[in-house]
Each structure stands twice: as structure tokens, then as C-alpha cells.
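Report on the structure given below.
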Amino acid sequence: MIALKPDFCDVSLPESDYSMEDYASSKARWCSGCGAHTILNSVQKLCKEEQLTPEKTVFVSGIGCSSRFPHYMNTYGFHGLHGRAFPVACGVKFRRPDLNVFVVTGDGDCCSIGAGHWVHAIRYNMNLVVLLFDNAIYGLTKKQTSPTSPLGTISNTHPTGSVLPPINPIQATLGLPNVSFVAQTVDWKPAHLHATIKKAYEHQGLSFVRIVQRCPVFMRDTYEPTVSDPDAITVLNHEDGILLNEKTLNSFRHIVEHDPSDIIKAREKAEIVKETTPIGLFYQNENATRYDQYGAHNLGISTDDRLSAINTLMDRYAI
Amino acid sequence: MQSEKIVKTKKEIADKDLPIRYEVDDPASEAETTAFWKKLRNFYRSGEKVSKDKTAKLSSLLTVLDTSEPKYPYLPNGEKSPPIEEDSRTPFHLLNHVLSAHQKENRKKFKGRLAELLSGLNELLQIEDKSSEAKELKETYNFADEMIAFDKMVAIIPHHSGEELPKSRLDRLQSVVATLQEGLVYFSDQSATLVIEKSFTELFNKSQLFSHTQLIEGNKDVFSQTQKLFADQIPSFTELIKAYRIAKLEIEGAYQEDIHDEYFDHFTWHRLFDDELNLYHPIVLMVGHAYLFDHLSSFSRLLSTNQPVNVIVFNDERISVPDHQISWEDASHQFRQELATLAISYRNVYTFQAGMGNPAFLHTGLENCLRSTSPGVCHLFATEDKSKSKTSAYLMNKGANAGRYFPTILYDPNRGAWGARFDISENMQSEKDWPIFTFSAQTSEQAETTMEVAFTYADYKVSYPEKAKELMLIPSAYYTKNLVPLSEYLELDEEHLYGKIPYLWLVNEQNELHRAAVPNVWVVSCQERLDFWNFLQELSGINSFHAKEALVKKDEEAHKRLEEERTNLKAEHQQVVEKIKEEAMGKAAESLIAVLLDEDGLQLESLIGNDQALVIPDSEDVQEQVVDSATETLGETVVSDKPWVDSEECTTCNDCTDKYPNLFKYNEEKQAYIDDASKGTFAELVKAAENCPAACIHPGMPSNQKEPKLEALIKRAAKFNG
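Those protein sequences? They're chains A and B, same order as listed.
Position one of the first sequence corresponds to residue -12 (the numbering used here), numbered consecutively onward.
Position one of the second sequence corresponds to residue 39 (the numbering used here), numbered consecutively onward.
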């Protein structure tokens, strides 16, 4: 029987064949009109495009509207404590470098209670994709001022308007050492959003993506004008940046050239948020140090070997 | 220290082991300096020195500049042969060697050829040379000497009788044979002829040179004597050559009486070929420089006759002879050094000028001179006997050469190409005015500086101690910027010369450097020598003004051409760009029209009615008009009916799909589209449009006119339909 030998078959069959539905778990319960739906759709599309093995993919989140995310993905997930999405994700990656780890966090989870972990996670530069769902409000707890709320936001905690200027998560991240990928996008431009998440996934290192998210219930007044105003967005364009097809690129009115290899220029661009929202790749550095690579050096050593190594070390101090 | 000085041998004079030192003293006071400089300026103008200084003890840098040994071409290299000590007689040795080598060669060649011809002719004539035949037989059969009577044998040996030759031919042949035989005897023993002027005769008698040459003592006018000598001797040689040629023709059987008889009738030496004339032994004339200039007219006559005579001129004029006070700065004396250019003006004279500073060149020059059939003039630099001067003859020669006083010149009239006849490339750094030497000197602080010094004519002159006396020593305390090295001083133009004094570097026995000022007369003679050198450079094509001009012109032409090409290319490029622009505009307009038409396929009638739209535009403006009008017409039609969703802009927020699942559905990308517009009301469409976060729902116009509150709804829908 000549025919059935495997080396006769020239056609290489794909080993897996996942569709978008394979990655979808329960129906998303976010408010209709919420930007999180768009992001969920985009991430599922990415998983399908990259044919990520569901059992090798982990979504780690903290607490908030954003952090409902892992429930709606048919992969492994970890819905953890408020502000502790980063430590858990880093731990997962450190010991299981073979898994695809995504971090889903919100403006309160990352920039408020989780700020400490945020700083060091950026510095560790492990191979994670971090999606910051920044809707500039505490939505799940029904409208309290968030660290990224614009000045003067009226909320339950500040009925007459917030008094402190907001954190600029992009600028803050660019100021940290060993930062390797910083991008920003908006959730009402699905083509740009998808391209950004895809590029973040491809980057080998911690890809920090801040997604300006609409809250149709609590922040509608802030976002309505922004969404329909073509001057509100400036696209950072470069051959090394987020690549869009011509049609999409031309649908934006303001396009600016920005080379993502220059961190100083990136910080300058991050400051223009007062006039317009710059979206695109601010900075990328492929050669930053990876702490997960350092941590993986003794993976695969069996428990017996570890015990004997410890014992050898202890024997030095034996009397 | 004087008492400790040992008798100096030649080596110690220029002690190369001692480093060259240059001591810098502190500058003297202003008053002292001014006073000294006054004296200095006076010295410059007049050459008078107020005080006696020790310049006589100093010598030029010659001794420390060149440390190479002379190279001889005929000595075996690599063997440890002691260096030849050159003195005034070395050129004679060289000449002797060259002459004898040349003669040997010639003799062999000549003898060989004559013998060949003779045997050939003998064959023709069947001349029985009984005695020689007998001898031959004897030699061959000499073991049978007692037994055989060879004479008798010769008679018995059969000879085939020759054919009958015509009488004229027979006569000719016989005379030719006789001449050749004579020539064989006479010319094969003939050596070179050397005609010597009287002043050289004692020199020759002392040495054992020129044993194989015929020495003839010159009378009062050596040149006309030589001319006559040649004129007397050459006819017999001409006859010989004539016989030689006839013999050759006869042997080949190519002699035709009607042509050749006439041809050989008036056969003078002018008709000899070069290689034939070369076979004649060389006639060499040896004269002194002063003698030549005293008999310049007969010298000129000799050269113009084109006789292959070689004149060797020994230039010893700057050696001071007690009763012959020549002033070096005498203009007429200076010009006499330029003998070579005088000889070159005869155009057909093989001229070369050299000294023992370059023995290889001298050797080749002499060889070629003897070999060429044009008259030759060799201008040789004679040197003093070693007992008289401190420095070696070789070094003095080199100095004269470097200082452009006695440059090496070669003029070979047989080198065909333009300008190739004249050659001064054997000189040091022949492209420069003066050769430049670098050496390092120790300054007093244990530091070393590198000095670059040009070796001028004045530097060479200073090698003679009696000339060194004429300079004025400048202590380094009085050094100011107005002191310039002589080579630089010569290059300055008039305005910069003012106030400057030229100096030379001198070195004493301890290799310490000192500056010495040079008087004006020396500067003038340097200028003269430099001008002569530049003249030579001109002739040989170095630094040619015409060549440079031609180069510059070529450059300009090339530039012009490139510029033209560039402008042409630019113009072409522009045209191409314009064309592309036009095409692109056309295509854009077409595609826009196509797209708009596609959306609602039913607007063709309105367009057809619009003539403008169907006219094919040929300019940008017309195209724009078309586009505008098309959009206008189509704009109306878009607004007319159909609701639609820009699916690509959909953010999948579930808003419309949750609220109005009858109208909106998700496609494969999970982005919304209107499934069936009739399944919902216009009000629903408008509400969905208002809620849509991406504003991608366009309600259009109501299809069902019966819906309530349509006007308000249409107003609300207006901003989503724009």
C-alpha cells in the first residue's frame, strides 16, 4: 500500500483550526455601547488569526468593568484581587514561559491601587500584553473619580468637579526604566484597535496598550463629542509603527510622522493630549532586558535535582 | 680639546654616530640685535665681513644628508667588496672599461662577418688557395704527417671547375675578395682611437690605462685634428663596407650590374647604414673644459659635420688652481657650465652630462654614446684628488648634482617620440626646484625636531672651505623672523623680500648646526642656476605650462557636458512626472465615478442626461468639474433611500443587535450590517443611529411614507446621512 504513507502527502494540514466562536465563552454582559465589546471582539479575532491554543492562553485581570474580561474568553483566566493583575501575570509568566499571558486591567486597577505593581511590571519587561481599559471613571462602582479622569469631571466623589489633574498613563510609562513597548488606541476605531493589539502581541516584551474606552452610561457626555470630532484624534504614523491600510489611514484627518525608536520624541508626543488624543505606537525597543528570560534558566530541572542542589549548598555550612 | 684630537681619517669627518645637534640660545637684547643686524645687512649687500669668524671650520650639510654608498653596475652585489674610493681618475678607469668592452664586441662581430663573406665568395670563385688547403688537410690528417705529402695531394684532389664567369664579374669579385682580406687584417686589430689634449697626457703616462687603444696626442687644435683624422681614415673603411655589401649581394646572386654599378659608384661614408658605421672603431676625443671654450669654433665645426666622433669634456673649472683665479660668480663662468645645452642645439648630437655621483648612469651613458653613430658629447664632472679635499669625491659629485649645479642630463637623438629625447629624470626629486632632505636634530632640551632642508647651489658651494669663508655666521641669539632659509628667500616676490636676509645651515665637526648668512652675489648665482634648472625641466616636460592648461580646459569641458546632461535629465524627469500625474487624476476620477455609480445602480439616466459627465477630460480642471458634478448628482441619490451600515467602522458593541435584532445582524467579522430594512421602522433606524457609538448607521430616507412623525425623524436622521 503505497498511497497512505505520510511522506507521500504534500499538503500540510493546519494542526489546529480555531474560529472566533471557539474563543468565546459566555455572552458578554457589559452595557450595550460599551467599548469593552469591541476590545473583546478584537482580541478574539487576534486569537483566531494567531490560532492560539486556548489551553495555552491565560487572561489575567484585577477588579473593575474591564476585569470581567476573562469570563468571556474560552481560555484559562485569573480574575484576581483589586490592583494585583500584574503580580499574578508576572508570576504566571515567570514559571510558565510557554503560556500566552494577557493582562486586562482598568484605570483604577492599574493607575490607582495597582500603581506600585505597575511600575515594577514595566521594569521586569516580561513577555505580556497589557490592555489598559481606560474609561476615566470607576464604572463598576457607579461613577467615582478615577486617577485618569479629566480635570473637572463631575462624579459621586466630586460633585463639583475633580480638582487634581489626571495621570497620563503613557507619559508615566515612558518615564519608567526598561520600558519596551508603549501604544495608545481608541475603541471606536476597530481597525486601528486591532492593528495595535496585534502589534502588541507580536512584540517580545511587555506591550503596554492604553485603550481609550467609552463608558456610554457614566461618561457619555465626555465621549460623545470626541467620537464624532475628527480633530480629536491624531494618528502617529511610521513604517515601524502601527501599520494601517490606506483607506483606514485616510479616514483620519490628522496624521503625524513619529519614529518609535526615539524615546525623547515619544515623550513629547505624549504631552499633546491636551489638544488631541495621539494614537499609535509611541515607543518600541526590542532589545530591553527580559526578566522572564532570566527567571526561566532553571526550568525543567527535576525536583530531585533541585533538592540535591540545595543539599549541596547546605553541606557547605554543615559543622 | 685640540690636543686630544687624533689625526682625522675620512670617516671621522662626518661622524655619523654623533647626533645632529642644534642649540638654541636665549635671544639677545634689542640693542645688541639691532647692532648685529646692521652688520648683517651690510654683509648681505657687499659681502664684506667686519669680523673674522669661524665659518671656515664649518662645512655644508652635504656630509650628513646622504649616507648611501655609490652603486656600481658591474660589481657583484651581495659580496662584501670594499667600497671603491673614488678620485679624480675614476672616470678614466670607467672609460677604459667601456671602450675595451665595446671594442671586443665589435671586433668579434666584424671578424665573423668578414670571414663568412670571404668563404662565400671563395666558393663562388672556386679560388684555390693551395697553401691554405694544404694546411687544412694537414690539420685534419696530421697523424699521417710523415706519410702523406699534402702539397702533392692538393694537386690530385679533384676540384670541380667553376662555370665560366663573365670578366667584369670576375674582376669585381676578385677585387672584393682582396679588399675583404685586407680589411680582415687591418680592421680586426684596429682598436679605438683616443685623441688626447695636451693637459691630459701626463696623467695618461702615469697610469696603465688604455692599453688597447691608439693614443694620439693632440696638437694645438684637437678638434680639427680629429676631424681630419676621421676624414682620412674613413674612405678605406667605406671601401671595406662597399666590398662587404657587394659580397653579400653576389653570394645571394642578387647583384645586378645595371643598377648596382651606379649605386656603388659614389659610395661615401654618408651612405653607410647605422649598424655598419657602428662597426668602425670609435674615435674618442678628450679635452678639458677650459680648452673647449677656447676653441669653441672648431668644436662647433666638428659637431656640425655629423662625424661619429665622441668628445669627452672634463669639467674641472671650479677646482681652484693657484694661478687661475676664477670667480665663481662670474657670469661667463656660470654659462660655461651649461655646455650640454650648447651641444644639444646641434640636434643630432648624443649628449649626456653626469658625474661619478651616479656611476650606473655614467656607465650606460658612455656605452650608448659609443654605440650611437651620431656625434657624442659627454660632459663629465671631474673631482679633486682625495688628498686635497676633506670630503669624498663621490659625495662632492652628489652635492653638485643635488644643488642643480651639475644635473644629470641625457639627450638621445635616436629616441623617436616627441619629448622622449630629452631626459632629466635621473636627478634627485626632478620635479622640484631643489631636492628636499629631512633629518632629525636634537635640541638642547633632550627633545628632537625634524628639519626639512632644501639643498641649493649655495649649499654645494659651501662644501669648499674657501667658499665657506665668505659666509657670515649668525649666532642663534640674534635669530629673528627676518631670517629665511635661502630656498624660501628665492621664492619670495619683491614686496616680501624687504628686510629679509637669507641663510644656510652649516654643521661643524661635532655635528652642531649653525646658521650662516649668504651675501647677495651668492643669491644671484643661485637664481641663475635655478633658472637653468627650470629651463631643463621645461625641455623635458616637467611642470609644463601647456600640459597644465590643456588639463584645465579638458576639466572645464567635462564639467560643461555633465551639467548639460543633468539639466536634460531633469527636464525629462519633470515630463514623466507630469504625465503620471495626469494619468493618476484621470484614473481617480474614473474610479470615483464607478464607485458612486455602483452604490445605487439606477442613476445612469441622470448622468447620461448630464453631458459633462460623459465628456472625456483632457485637463485637470475639467476632471475636477466632472468629479464635482458627479458627486452632486449622486449625492442626491444617496440621500434618497437606502439605510446602510458602514460595517468596517462597527465596534461590536451589541447595542443595535441587542435592541433591534430584526434589523441588524453581525457578519463574519462580528460587525453589524442591515439584514433587511423592511423588517423595522424608520424610527428604529434613527434611534439605532443615535445610539451607535461609532456613528456608522446611516438611516437614509424612509421607505414607508406612512410612518408617524416622519418629518422629525428625518431631521434627526439628517446628520447621520451627510
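All C-beta atoms in this analysis are idealised placements derived from N, C-alpha and C, irrespective of residue type, glycine included.
query, result
"Look at the Cβ atom of Val169 of chain A, then the Cβ atom of Phe195 of chain A, and state whether they are nearer than 9 Å.", "yes"
"Quick one: is Ser19 of chain A near chain B, going by C-beta distance under 9 Å?", "yes"
"Output, in chain order, the set of chain B residues within a Cβ distance shorter than 7 Å of Asn28 of chain A.", "Thr690 and Lys708"
"To the nearest angstrom, how far is it from the Cα of Ala398 of chain B to the Cα of Glu405 of chain B?", "11 Å"
"Who are the Cβ neighbours of Arg374 of chain B in its own chain at under 6 Å, not counting the five residues just before and after it?", "Phe331"
"What did DSSP end up calling Gln548 of chain B once you bin it into helix, strand or coil?", "coil"
"So with Cβ pairs under 9 Å, would you call Tyr278 of chain A a contact of chain B?", "no"
"Terminal residues of the continuous alpha helix (DSSP H) containing Phe399 of chain B?", "Pro397 to Arg409"
"Can you name the start and end residues of the alpha helix (DSSP H) that Gln484 of chain B belongs to?", "Taken as a continuous stretch (DSSP letters only), Gln484 of chain B belongs to no alpha helix (DSSP H), as it is neither H nor E."
"Can you pull the DSSP bridge partners for Phe120 of chain A?", "A:Gly93 and A:Ile198"
"Buried or exposed for Glu643 of chain B, please, with buried defined as at least 16 other CB atoms from any protein chain shown within 10 angstroms of its CB.", "In this predicted model, Glu643 of chain B has a pLDDT of only 48, less than 50, meaning its place in the structure is not dependable; the value taken from the coordinates is given anyway. Glu643 of chain B should be labelled exposed."
"Taking buried to mean at least 16 other C-beta atoms within 10 Å of its own C-beta, is Ile251 of chain A buried or exposed?", "exposed"
"Mind the definition here: the region 485 to 492 of chain B touches the region 599 to 615 of chain B only if three or more C-beta pairs lie below 8 Å; say whether that holds.", "no"
"Rounding to the nearest angstrom, what Cα-Cα distance links Glu255 of chain B and Ser138 of chain B in this structure?", "19 Å"
"Does any residue of chain B have a CB that is nearer than 9 Å to the CB of Trp105 of chain A?", "no"
"Is any beta-carbon of chain A found at less than 9 Å from that of Pro731 of chain B?", "yes"
"Report the neighbours of Val214 of chain A on chain B: residues whose CB is nearer than 9 Å to its CB, in chain order.", "Pro731, Ala732 and Ala733"
"From which residue to which residue does the beta strand (DSSP E) around His241 of chain A run?", "His241 to Glu244"
"Among B:Leu542, B:Asn558 and B:Arg283, which residue has its Cα nearest to the Cα of Thr217 of chain B?", "B:Arg283"
"Which residues of chain B have a Cβ atom closer than 8 Å to the Cβ of Thr25 of chain A, listed in chain order?", "Thr689, Thr690 and Cys691"
"Can you tell me where the alpha helix (DSSP H) with Thr25 of chain A in it begins and where it stops?", "Gly22 to Glu37"
"Tell me, please, which residues DSSP counts as bridged to Ser478 of chain B.", "B:Thr488"
"With DSSP collapsed to three states, give me the class of Arg553 of chain B.", "strand"
"Give the secondary structure of Met510 of chain B by DSSP, where H, G and I count as helix, E and B as strand, and everything else as coil.", "strand"
"Please list, in chain order, all residues of the same chain as Glu277 of chain B whose beta carbon is under 7 Å from its beta carbon, the five residues on each side excluded.", "Thr217"
"Just the C-alpha distance for His284 of chain A and Val106 of chain A, rounded to the nearest angstrom, thanks.", "24 Å"
"Out of B:Leu701, B:Tyr711 and B:Pro681, which has the shortest C-alpha to C-alpha gap to Glu687 of chain B?", "B:Tyr711"
"Ignore the nearest five residues each way along the sequence and tell me which others in Val117 of chain A's own chain have a CB closer than 6 Å to its CB.", "Val90 and Phe195"
"Would you mind stating whether His245 of chain A and Phe269 of chain A have Cβ atoms separated by less than 9 Å?", "yes"
"Checking contacts by CB at 9 Å: is Arg55 of chain A closer than that to chain B?", "no"
"Give me the DSSP bridge partner(s) of Thr231 of chain B.", "B:Gln252 and B:Ile321"
"Counting only beta-carbon separations shorter than 9 Å, does Lys176 of chain A have a partner in chain B?", "yes"
"Secondary structure at His303 of chain B, three-state DSSP: helix, strand or coil?", "Before going on, a small fix: residue 303 of chain B reads as Asp here, not His. Of the three classes helix, strand and coil, the one that applies to Asp303 of chain B here is coil, per DSSP."
"Looking only at its chain, what residues have a beta carbon closer than 8 Å to the beta carbon of Tyr449 of chain B, apart from the 5 residues adjacent to it on each side?", "Ala378, Ala381, Ile382, Val387, Tyr388, Thr389, Phe390, Arg459, Phe460 and Asp461"
"For Asn61 of chain A, I'd like the list of residues in its chain whose CB is within less than 8 Å of its CB, leaving aside the five on either flank, ordered along the chain.", "Asp9, Tyr10, Ala11, Ser12 and Pro41"
"DSSP three-state label for Val204 of chain A, please.", "coil"
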